[in-house]
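Chains as they are written, first to last, in our numbering: chain A, 1 to 422; chain B, 1 to 407.
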């Protein structure tokens, strides 16, 4: 009964890293047919995984959990795009698809004969997104970057962390996922426009711009006043107290936030400071912000003897926003809420049997998504895509293999992937 | 301010009943051309009282957060708690393609505009809810905040220096990611409804969006290797080398992932410092090979960066195709020459503030440009236009609703 939301959508990916692939991952979860083009000459970084526990230390391109997280659910073909026949087959795939997702280095697609004008020529209604660190024009569009480079350039890293510190960076290449989500939204808007007008288009995304837009109010403060906004650490301009408080155990914390009088009174009761609930000075946000150090100390005196989960439960029961600072194991083993919602996804894996992955958080209750498969090898779907979907004859397929346009197994020694430098 | 050209979402209407956790979702849709009608409580949204303010002076049109997050929207006031509001609210909701809301679970049903109730009359409608923990499950009635979402979703645990407590990112990123996810998901639901005639309830959980966005070292890797990541400062656990390095006049960020990039970097260090050891084949190959040598390699790199300015390392590094970039303050970013060359910052004129510069397009569609079509609304600015003109309320009805404090 439930048809998947994007069951008719066809997507071709020329991608690497995370910022491009995560768009395809989410579209595939919604039922789209997503074909990712790879090459043995430049294996994707998420495939370059050596399991820390594995003694032989060899790269395990199909076993990588990063590869599951960003690429499960897609079809995988291998083309040598530097061969005329490889680029030709890529254009044939583009001709039958709705959307191209591309995040190769600036200019790389043009050199391969896969520039936007050419692709639109073979498919007038095409929608394409090109995602890169610096966009396709300006002073230095060709500069190389990974997500963390962009985070560092945007001002976000500098502005994060405690007031006395030097900034804070994510551990998860945040600009990659945020540009993937923005890119996903942008292509969906373009699809909606095409549904109604028949018009395709190209979207470019500069991850630096997406990331600066994420500290919009703070940048407006900087631009309007020519002075840097304050580093807030865990505090807030409109909630107090707010912070991360040490709990029982090593490196265990509980976070809480207070904004309303009811929440403040409840907190005072819980931490045994009923007298503060009647204190007129502390009744205001400004008063509590001034007294923040003193209040934080009292809160931590209460949290220190409790587990973060118990502290959060007690606070929430009294109506105070709170949560344990959870690590991966907490989320998977000790969070009954995530478990009941079925957040984590178990996906059939071609080599492991099955694998657990973080959920796709799109919340489509009427058209639930799913991931049919993880762990495909490079070129896993060459035959089915080029013969069944594109309709190459046995002879044609063999010819493309013979010229190396379609890259064939056996794979080169994965110990020496011979990357070409992007 | 108004860019020429078509809008991708022209003709799409969104009703927004959203606090700071969902307000960016409305902005994304509005800046792409949807007609987003924002409902505020009479007297104005709480977000108008939120710092930072222009010139540090509070005022209902002076919150930079409110001004930024509500561009391109129209604004009306309506007291949701008043019985008189219910029929108006329902008509507004049924006039929309998407109802975007961040109320506590169950409240929308109580107001008579839950998804099931609206869909009975308009099957294609999409209702998008953003809450701390989602619509179902044992914590669905728990309260949240940006910091709480960062706690239960995981980023806090891995952000900051190893010796410090966990620390939040700047700018309430958990709210922004949930909003972006909600915008994308709303569009998927709309596209699906266009085919099937059936809309749906989009259930966005702050905890889940945060967890998914930050999961780079998440459940799959942990089940595989048993390593629980924790705070390590500026480097990425999985990429060696990576992190911030001191130059003569500031810091640069470096990330090396591909084997070829390491070779280029090692060669450069060797040229600059005469270091022979850095060329050892032991360090070559993918990043995971270098993990145990992180501290040593950081020393080699620091020896080189200390000899130069940030700009020297940045541009010469880039010439060698090594991902060196400056670690910029907000001041540096505001003056960034590449952003300037792309005219990224845009000027928006608001009747209360005069022209101010805002960050511009987060992405650039070529035929249907992103644009700020109007500044954030003033309190009740479009009451007359929407409730009078479009819902057809008589002038005297509007006046009596105003006197009764409903609008």
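Backbone N, C-alpha and C fix where the C-beta goes; we use that ideal spot for every residue, glycine too.
Cβ neighbour criterion (16 or more within 10 Å) applied to residue i
| i | result |
| --- | --- |
| residue 331/A | buried |
| residue 192/A | buried |
| residue 209/A | buried |
| residue 73/B | buried |
| residue 4/A | buried |
| residue 122/B | exposed |
| residue 115/A | exposed |
| residue 420/A | With a pLDDT of 37 at residue 420/A, under the threshold of 50, the modelled position of this residue cannot be trusted; read the value that follows with caution. So residue 420/A ends up on the exposed side. |
| residue 204/A | buried |
| residue 383/A | exposed |
| residue 346/A | exposed |
Start-to-end residues for the beta strand (DSSP E) that takes in residue i
| i | result |
| --- | --- |
| residue 244/A | 242-246 |
| residue 358/B | 354-358 |
| residue 43/A | Careful: residue 43/A lies outside any beta strand (DSSP E) and carries neither H nor E. |
| residue 254/A | 253-257 |
| residue 35/B | 35-40 |
| residue 255/B | 251-255 |
| residue 225/A | Careful: residue 225/A lies outside any beta strand (DSSP E), inside the alpha helix (DSSP H) at 216-225. |
| residue 59/A | Note, residue 59/A: premise wrong, no beta strand (DSSP E); not H, not E. |
| residue 75/B | 73-77 |
| residue 14/A | 10-14 |
Bounding residues of the alpha helix (DSSP H) (the contiguous stretch that carries residue i)
| i | result |
| --- | --- |
| residue 144/A | Here residue 144/A belongs to no alpha helix (DSSP H), and DSSP marks it neither H nor E. |
| residue 273/B | 259-273 |
| residue 375/A | Looking at the DSSP string, residue 375/A is not in any alpha helix (DSSP H), and its letter there is neither H nor E. |
| residue 26/A | 21-29 |
| residue 124/B | No alpha helix (DSSP H) contains residue 124/B, which DSSP labels as neither H nor E. |
| residue 118/A | 116-122 |
| residue 448/A | Given a span of 1 to 422 for chain A in the structure shown, any question on residue 448/A remains unanswerable. |
| residue 84/B | From DSSP, residue 84/B is part of no alpha helix (DSSP H); its letter is neither H nor E. |
| residue 324/B | Taken as a continuous stretch (DSSP letters only), residue 324/B belongs to no alpha helix (DSSP H), being part of the beta strand (DSSP E) at 323-326. |
| residue 153/B | 146-153 |
| residue 69/A | 65-71 |
| residue 265/A | 261-270 |
| residue 66/B | 64-69 |
Any chain B beta carbon closer than 8 Å to residue i
| i | result |
| --- | --- |
| residue 218/A | yes |
| residue 182/A | yes |
| residue 203/A | yes |
| residue 158/A | yes |
| residue 500/A | Outside the modelled stretch of chain A, which goes from 1 to 422, sits residue 500/A, for which no answer is possible. |
| residue 281/A | no |
| residue 76/A | no |
| residue 161/A | yes |
| residue 440/A | This structure leaves residue 440/A out entirely; chain A is present only between 1 and 422. |
| residue 412/A | Note that residue 412/A scores 49 on pLDDT, short of 50, meaning its location in the model is unreliable; the coordinates nonetheless yield the value given after this. Output row for residue 412/A: interface = no. |
| residue 397/A | no |
Test: residue i CB closer than 8 Å to a CB of chain A
| i | result |
| --- | --- |
| residue 154/B | yes |
| residue 117/B | no |
| residue 143/B | yes |
| residue 228/B | yes |
| residue 3/B | The pLDDT assigned to residue 3/B is 47, lower than 50, so where the model puts this residue is not dependable, and the model offers no usable value. |
| residue 159/B | yes |
| residue 175/B | no |
| residue 327/B | yes |
| residue 253/B | yes |
| residue 417/B | The displayed coordinates of chain B run from 1 to 407. Any statement about residue 417/B would go beyond what the structure contains. |
| residue 350/B | no |
| residue 283/B | no |
Which listed residue (the options) has its alpha carbon closest to that of residue i
| i | options | result |
| --- | --- | --- |
| residue 283/B | 257/B, 80/B, 273/B, 302/B | 257/B |
| residue 307/B | 269/B, 328/B, 80/B, 285/B | 269/B |
| residue 102/B | 65/B, 22/B, 319/B, 83/B | 22/B |
| residue 238/A | 249/A, 218/A, 254/A, 259/A | 259/A |
| residue 132/B | 210/B, 113/B, 71/B | 210/B |
| residue 187/A | 11/B, 28/B, 358/B | 28/B |
| residue 118/A | 106/A, 105/A, 132/A, 92/A | 92/A |
| residue 36/B | 44/B, 54/B, 12/B, 46/B | 12/B |
| residue 96/B | 38/B, 267/B, 400/B | 38/B |
Which ranges would you report for the alpha helix (DSSP H) in the stretch 173-206 of chain A if only whole runs of at least 4 residues count?
-> You should have 174-197.
What are the start and end residues of each continuous alpha helix (DSSP H) run of 4 or more residues lying completely inside the stretch 278-358 of chain B, in chain order?
-> Every alpha helix (DSSP H) of 4 residues or more that sits fully in the stretch 278-358 of chain B is shown, in chain order, as 287-290, 294-305, 310-319, 330-334, 337-341.
Secondary structure, beta strand (DSSP E): runs of 3+ residues fully inside the stretch 321-403 of chain A | Inside the stretch 321-403 of chain A, DSSP marks whole beta strand (DSSP E) runs of 3 or more residues at positions 322-324, 345-349, 353-357, from first to last along the chain.
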